[in-house]
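Residue numbers (my numbering): 8 to 485.
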Ligand code: NAD
């Protein structure tokens, strides 16, 4: 059996790239070397690790053009590829600031036994595995690796086999920072490589679908290693009776279709108060019609091709299911073929309901199904009628009203008067609720602290506890 995988180009449909699948044996050997290298890495102080990540930042900057070209080939879009590469420098700065703010452990005396001193040390997981998806190939491969390395651990990344081109220039950038030898690795491969990783690392951070996330969590449980899962979503947006309709339409169009809707935090369902419904639908249709594909010119237009061929099938089947059950399509609504690539224009749909897969399953495409609601209670019932709990948004000119609704949406990140803010800011700690994930927040300081185990160091400063103290005759009973 060939250990090579060919990779499709989303703009041309041609298989024009190849990766060699990393085997379980290779993962075993690599992680063993990383475990050895980690001993020295961890013994250095934080200032050292910061200086090495600063070097990585420069090395990535030196390979900026190659990285952007590779990511553009992987995803068929330019603006976000540039943002992904340039965003790594910001991410490094942010994690350095979080790590610097971390305080050394304090020695305290026990309240119950004052002669015992204790402190809680933090010990990093030696080898962290990061398994990532295809929608933001570079950002999501580095998002967990950076804080893991700063904590004193090493990181092994397994990017998606759908978008692996960026890994080669990234490996080059990493190899030019000598001190990162066996501290940071990127391995090519498919699900078999991801599965092998879980058998050899001390912690796994997974970003991807619920279906694979469940397999990852089960495998991690078998190995007794922690798994942090960031999975899919079906984010609702609620446009309340007192919302600014123009603002809601502008922001919800962007939040639903940016990156061709291939974002976990994409708005995938829109609920509008019945008093604003007609006006909102009219406005969002007009705005959707002005959106252009970045085809044939990569350097103009707003949205790129559907990156993953299988995703086009999912989008198509959800659209067909909705139409068969009575939905009206106002814009887009089709998978278009241009130049060998697959494309979908922003699709506004009405007359939809929760019997349709488009309102229940993750679509991961530029689709905006809209329903009206009569009151807040109905809006919340519809928004929470999902297995997912990633994020959501609320629009209102009354912030107290918006906050009240935000607190009742059963999801981990709620944007007010904007859509999918979790895609822009990384400071606010959040968990993924329900089937959207598991584990400590990836955002904010918790995103760094999750890479440590706590180790209690306890010292008896008085006499030893003698066995005589435990004589049965000393029992205070009856
Ligand atoms: P996927 O689950 O198919 O694949 C993700 C990764 O898992 C890939 O690298 C794949 O090779 C690997 N993999 C496959 N089988 C495996 C196994 N048995 N063990 C270990 N690894 C295995 O997901 P995808 O289609 O690449 O990505 C899209 C999904 O990712 C969507 O559901 C999206 O919502 C989700 N996502 C979530 C977030 C988030 O932060 N919550 C961010 C981006 C994407």
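Note that CB positions come from ideal geometry on N, CA and C, so glycine has one too.
Inter-stretch contact (C-beta, 8 Å, three-pair minimum) for the stretch 449-460 and the stretch 94-105: As far as the Cβ criterion goes, the stretch 449-460 touches the stretch 94-105, which means the pair count is three or higher.
Out of 49, 98, 136 and 77, which one is the CA nearest neighbour of residue 433? Taking the first residue of the chain shown as position 1, residue 433 is located at position 426. Comparing Cα positions, the closest option is 98.
Alpha-carbon spacing of residue 85 relative to residue 76, whole angstroms: Counting from one through the chain shown, the residue named residue 85 turns up at place 78. Counting from one through the chain shown, the residue named residue 76 turns up at place 69. The straight-line gap separating the alpha-carbon atoms of residue 85 and residue 76 is approximately 8 Å.
Grab me the residues of residue 469's own chain with a C-beta within less than 6 Å of its C-beta, minus the 5 sequence neighbours each way, in chain order. Along the chain shown, read from residue 1 onward, the residue named residue 469 stands at position 462. Excluding sequence neighbours, residue 469 sits near 122.
Residue nearest to residue 79 in terms of C-alpha spacing, selected from 112, 32 and 144: As a first step, residue 79 is located in the chain shown; it is residue number 72 there, counting from the start. Taking only the C-alpha atoms, the option nearest residue 79 is 144.
What separation, rounded to the nearest whole angstrom, lies between the Cα atoms of residue 211 and residue 399? Looking up residue 211 in the chain shown gives position 204. Looking up residue 399 in the chain shown gives position 392. Rounded to whole angstroms, residue 211 to residue 399 spans 26 Å at the Cα level.
Alpha carbon to alpha carbon, how far is residue 131 from residue 230? Taking the first residue of the chain shown as 1, we reach residue 131 at position 124. Taking the first residue of the chain shown as 1, we reach residue 230 at position 223. Cα atoms of residue 131 and residue 230: separation of roughly 18 Å, rounded to the nearest angstrom.
Run of the alpha helix (DSSP H) containing residue 48, from where it starts to where it stops: Along the chain shown, read from residue 1 onward, the residue named residue 48 stands at position 41. First-last of the alpha helix (DSSP H) with residue 48: 31-50.
Count the C-beta pairs between the stretch 169-177 and the stretch 187-199 that are closer than 8 Å, then say yes if the count reaches three, no if not. Taking 8 Å as the limit for Cβ pairs, the verdict is that the stretch 187-199 does touch the stretch 169-177.
Cβ-based neighbour list, residue 18, same chain, cut-off 6 Å, excluding 5 preceding and 5 following: By one-based count along the chain shown, residue 18 stands at place 11. Apart from the 5 residues on each side of it in sequence, residue 18 sits with its Cβ closer than 6 Å to the Cβ of 83, 312 and 348 in its chain, given in chain order.
Which value, in whole angstroms, describes the spacing of the CA atoms of residue 264 and residue 339? Counted from its first residue, the chain shown places residue 264 at position 257. Counted from its first residue, the chain shown places residue 339 at position 332. The alpha-carbon separation between residue 264 and residue 339 amounts to approximately 12 Å.
For residue 185, name the three-state secondary structure that DSSP assigns. For the purposes of this step, residue 185 is identified with residue 178 of the chain shown, where counting begins at 1. Reduced to three states, the DSSP call for residue 185 is helix.
Below 8 Å on the Cβ atoms is my guess for residue 256 versus residue 299; work out the distance and round it to an integer in Å. Here residue 256 corresponds to residue number 249 of the chain shown, with the count starting at 1. Here residue 299 corresponds to residue number 292 of the chain shown, with the count starting at 1. Contact flag wrong, Cβ pair sits at about 18 Å.
Might you give, ordered along the chain, the residues of its own chain that have their beta carbon closer than 6 Å to the beta carbon of residue 308, omitting 5 neighbours on each side? Taking the first residue of the chain shown as position 1, residue 308 is located at position 301. Excluding five sequence positions before and after residue 308, the CB atoms of its chain that fall closer than 6 Å to its own CB belong to 299, 300 and 301, given in chain order.
Residue 369 Cβ short of 7 Å to the ligand NAD heavy atom set: Taking the chain shown and counting its residues from 1, one reaches residue 369 at position 362. Yes, Cβ of residue 369 sits closer than 7 Å to a heavy atom of the ligand NAD.
Residue range of the beta strand (DSSP E) that includes residue 263: Taking the first residue of the chain shown as position 1, residue 263 is located at position 256. It is not in any beta strand (DSSP E) - residue 263 instead sits in the alpha helix (DSSP H) that spans 252-264.
Can you tell me which residues form a DSSP beta bridge with residue 350? Counting from 1 along the chain shown, the entry for residue 350 is found at position 343. BP columns for residue 350 point to 343.
Which residue wins for smallest C-alpha separation from residue 38, given the options 120, 127, 135 and 16? On the chain shown, position 31 is the one that residue 38 refers to. Answer by Cα proximity: 135.
Could you pull out every residue in the same chain whose Cβ sits closer than 8 Å to the Cβ of residue 361, ignoring the five residues on either side in sequence? The residue given as residue 361 occupies position 354 in the chain shown. Excluding five sequence positions before and after residue 361, the CB atoms of its chain that fall closer than 8 Å to its own CB belong to 367, 389 and 392, given in chain order.
Flag residue 212 as yes when its Cβ comes closer than 7 Å to any non-hydrogen atom of the ligand NAD, and as no otherwise. What you label residue 212 is simply residue 205 of the chain shown in a count that begins at 1. Remark: the shortest separation between the CB of residue 212 and any heavy atom of the ligand NAD does not fall under 7 Å.
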